[in-house]
Amino acid sequence: MPTDTPPASAATRMGDVDGDGDLDIFAADGYAQGSGVVGRLYVNNGQGAFEEAVGAIPNSIDGQDIDDVEFADVDRDFDLDLLVNAHSGGAGALWLNDGQGTFAAGGTLAPPGPGSQFHYNVTPCDVDGDGDLDLWVDNVGGNYTEQLQINDGDGNFTDETSSRVTGNAAGSDDNGVICADIDDDGDFDAVVIALGSPERLLQNDGAGSFTFVANAFPGPTNCSLWGEMGDLNGDDRLDLVTGQGECSSSDEVYLGNDQMPVDAKPPVIVAVRPMPSVEQGSVAAAQFAVSDRTVTDEGPRLARAYAVLDPAGAATEIPATFMGGDLFRAEVPAAALGTFTFRACAVDPAGNETCSTDQSYTVVEDTGEGGGGAGMGGASNAGGNGNGGANGPGGGSANGGGGGAIDDGGGSGDGCDCGLAKQTTRSPWAILSLIGTAIALRARRRRR
436 MPTDTPPASA ATRMGDVDGD GDLDIFAADG YAQGSGVVGR LYVNNGQGAF EEAVGAIPNS
496 IDGQDIDDVE FADVDRDFDL DLLVNAHSGG AGALWLNDGQ GTFAAGGTLA PPGPGSQFHY
556 NVTPCDVDGD GDLDLWVDNV GGNYTEQLQI NDGDGNFTDE TSSRVTGNAA GSDDNGVICA
616 DIDDDGDFDA VVIALGSPER LLQNDGAGSF TFVANAFPGP TNCSLWGEMG DLNGDDRLDL
676 VTGQGECSSS DEVYLGNDQM PVDAKPPVIV AVRPMPSVEQ GSVAAAQFAV SDRTVTDEGP
736 RLARAYAVLD PAGAATEIPA TFMGGDLFRA EVPAAALGTF TFRACAVDPA GNETCSTDQS
796 YTVVEDTGEG GGGAGMGGAS NAGGNGNGGA NGPGGGSANG GGGGAIDDGG GSGDGCDCGL
856 AKQTTRSPWA ILSLIGTAIA LRARRRRR
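Numbering-wise (this note's numbering), the sequence shown opens with residue 436 and increments by one.
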């Protein structure tokens, strides 16, 4: 790493911003107090050494003191955009990726609601099942409630909290929202991590409208600063760990009891990027988006993701690597000429497995003309960035080529018949009654 890393970094994320198959780093200069530096983007050279990409990110946000950042493909062009959360004073920023790892301000974020001040986390997840990522933001929905922003598919977000969220308590000074399918009905419910009240559950009706569920988590109030959900005891039910920091409470573990359904639904292959023709010998990358029962800072909690080459024949599995957000990448062969078929697949920790429908790509001769191959390309509909062939003199890199926009066949549901399951009648069982067990761990963080 370079030695001039941000001196007051409060948020860092890793993601493959330039589509070359390795993870890069964004570090926000969170509490620099007017240093003029929003953050720094460090690009991986493929060997685990990083260099700053000078000029690759804007240098201003709406607000101050960055305390959370998220890589997320908000416009579904199969590159990672960057959400920057300001602790106070504004909405932060949304920077769109051009596919080569250069970011520019784009899209729109809703402003904070009235009577709200400090906010800590932005959580992207698809709440309404339309294939694009919506946003939860803690404390900014007005009077210290959560704000729900709905994506139009192009990265433009509208505050629809008042029409979609019912019964959420105000004034508890929350610290984040976890997207998780608590009732295993195929949509994301919302778990609110609270400082001034017990954790809260907002249940999704399947169309993106939420209702508060009382007594989902036991008290007392315990100053939670953040939490993560996953299966801690191997019973295929979601459990919750919360971290404390502003009082003497220990960290807590909440175990899902037998009233919570086990994980019986497979992951969803949300979208598969259409692959253009690729030149023989170039890097051909199959890219796809995956959703599963819970969302984490490291993507959906999967056992593995992979591609299956020639699914009706040899069915060769090719491991996929995590790119960031909900995106995965598998390098498929481009040594022989011809048209090849593959499927994008994922397995969750409970063993539930799913694959997309058949996808295809064609390997053509390297003519020494045109743009690069099938790696992460430029912005949607953009071509290669050179006149020569892949890696040839004057040509674009093998990772060049245009990105696939939704209108080009890369949108939600393309190549996948496994959309989010919806439930028209709600189960009568109590949604969640979790048992809390204290862990003797303490963490402290000073609020600003």
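Glycine included, every Cβ here is placed at the ideal spot set by N, Cα and C.
Could you name the residues that DSSP lists as bridge partners for residue i?
i      : result
Glu487 : Tyr477
Gln722 : Arg764
Ala740 : Ala781
Gln582 : Val572
Cys658 : DSSP output for Cys658 lists no bridge partner at all.
Leu772 : None; Leu772 has no bridge partner.
Asn520 : Asp503
Met695 : In the DSSP output, where bridge partners are listed per residue, Met695 has none listed.
Pro754 : Tyr741
Using only the alpha-carbon positions, how far apart do residue i and residue j sit?
i      : j      : result
Gly678 : Gly662 : 6 angstroms
Asp594 : Leu583 : 6 angstroms
Asp620 : Gln694 : 14 angstroms
Asp608 : Trp571 : 15 angstroms
Pro828 : Phe538 : In this prediction, Pro828 has a pLDDT of 37, which is less than 50 and means its spatial position is unreliable; nothing more can be read from the coordinates.
Cys560 : Leu568 : 5 angstroms
Ala446 : Asp745 : 42 angstroms
Asp464 : Gly748 : 51 angstroms
Arg736 : Val730 : 7 angstroms
Ala785 : Ala649 : 28 angstroms
Ala507 : Leu518 : 7 angstroms
Gly830 : Thr802 : Because the pLDDT at Gly830 is just 39, under 50, the model does not fix this residue reliably, and the point stays unresolved.
Met664 : Gly602 : 23 angstroms
Asp890 : Ala605 : Absent from the structure is residue 890, since the part of the chain shown begins at 436 and ends at 883.
Pro547 : Val600 : 16 angstroms
Trp530 : Val489 : 15 angstroms
Glu581 : Asp573 : 5 angstroms
Ser683 : Ala625 : 26 angstroms
Gly611 : Leu772 : 50 angstroms
Gln535 : Gly454 : 7 angstroms
Leu458 : Val725 : 18 angstroms
Cys780 : Cys790 : 4 angstroms
Pro701 : Ile753 : 19 angstroms
Gly550 : Val575 : 8 angstroms
Gly641 : Glu505 : 25 angstroms
Pick out whichever of the options has its Cα sitting closest to the Cα of residue i.
i      : options                           : result
Ser444 : Asp453, Asp698, Arg475 and Gly450 : Arg475
Phe723 : Thr543, Gly680, Gly465 and Tyr741 : Tyr741
Ala769 : Ser685, Glu788, Val799 and Gly734 : Val799
Gly542 : Asn591, Asp514 and Gly734         : Asn591
Phe623 : Pro784, Val575, Arg728 and Cys780 : Arg728
Pro709 : Asp793, Val743, Glu634 and Ala781 : Asp793
Asp674 : Asp453, Leu568, Asp616 and Phe485 : Asp616
Val676 : Ile613, Gln552 and Ala649         : Ile613
Phe513 : Asp761, Val730 and Pro547         : Asp761
Leu637 : Gly588, Gln552, Val705 and Val562 : Val562
Thr776 : Val782, Val478, Val743 and Asp589 : Val743
Ser685 : Asp671, Val703 and Leu660         : Leu660
Arg635 : Phe652, Phe645, Thr646 and Gly641 : Phe652
Arg448 : Val478, Thr438 and Val472         : Val478
Thr558 : Asp533, Gly534, Arg599 and Ile585 : Ile585
Asp497 : Gly483, Ala521 and Ala629         : Ala521
Asp666 : Leu690, Gly654 and Pro655         : Leu690
Arg672 : Ser795, Thr596, Asn692 and Met436 : Asn692
Met707 : Ala750, Gly566 and Ala484         : Residue identity check: residue 707 is Val in the sequence provided, not Met. Nearest of Ala750, Gly566 and Ala484 to Val707, Cα basis: Gly566.
Ile704 : Gly641, Val782 and Asn668         : Val782
Val688 : Ile628, Phe647, Ala719 and Phe645 : Ile628
Gln482 : Met436, Ser597 and Glu733         : Met436
Glu733 : Thr774, Gly588 and Thr756         : Thr756
Helix, strand or coil for residue i, going by three-state DSSP, please let me know.
i      : result
Ser597 : helix
Phe461 : strand
Cys853 : Note that Cys853 scores 39 on pLDDT, short of 50, meaning its location in the model is unreliable and no value can be drawn from it.
His554 : coil
Leu630 : coil
Gln794 : strand
Thr731 : strand
Cys560 : strand
Phe645 : strand
Thr447 : strand
Cys682 : coil
Asn532 : strand
Asn650 : coil
Val509 : coil
Val482 : Note that residue 482 corresponds to Gln in the displayed sequence, not to Val. Gln482: coil per DSSP, three-state reduction.
If residue i and residue j are in contact, beta carbons under 8 angstroms, what's the gap, nearest whole angstrom?
i      : j      : result
Cys658 : Gly680 : 7 angstroms
Asp502 : Tyr579 : Going by Cβ atoms, the distance from Asp502 to Tyr579 rounds to 16 angstroms, so no, they are not a contact pair.
Ser717 : Thr797 : Their Cβ separation, rounded to whole angstroms, is 12 angstroms, which puts Ser717 and Thr797 out of contact at 8 angstroms.
Asn480 : Glu486 : 7 angstroms
Gly456 : Arg739 : Going by Cβ atoms, the distance from Gly456 to Arg739 rounds to 17 angstroms, so no, they are not a contact pair.
Gly527 : Leu515 : The Cβ separation is near 16 angstroms, so there is no contact.
Gly670 : Asn787 : Before going further, note that residue 670 is Asp rather than Gly in the sequence given. Not confirmed; about 15 angstroms, so no contact.
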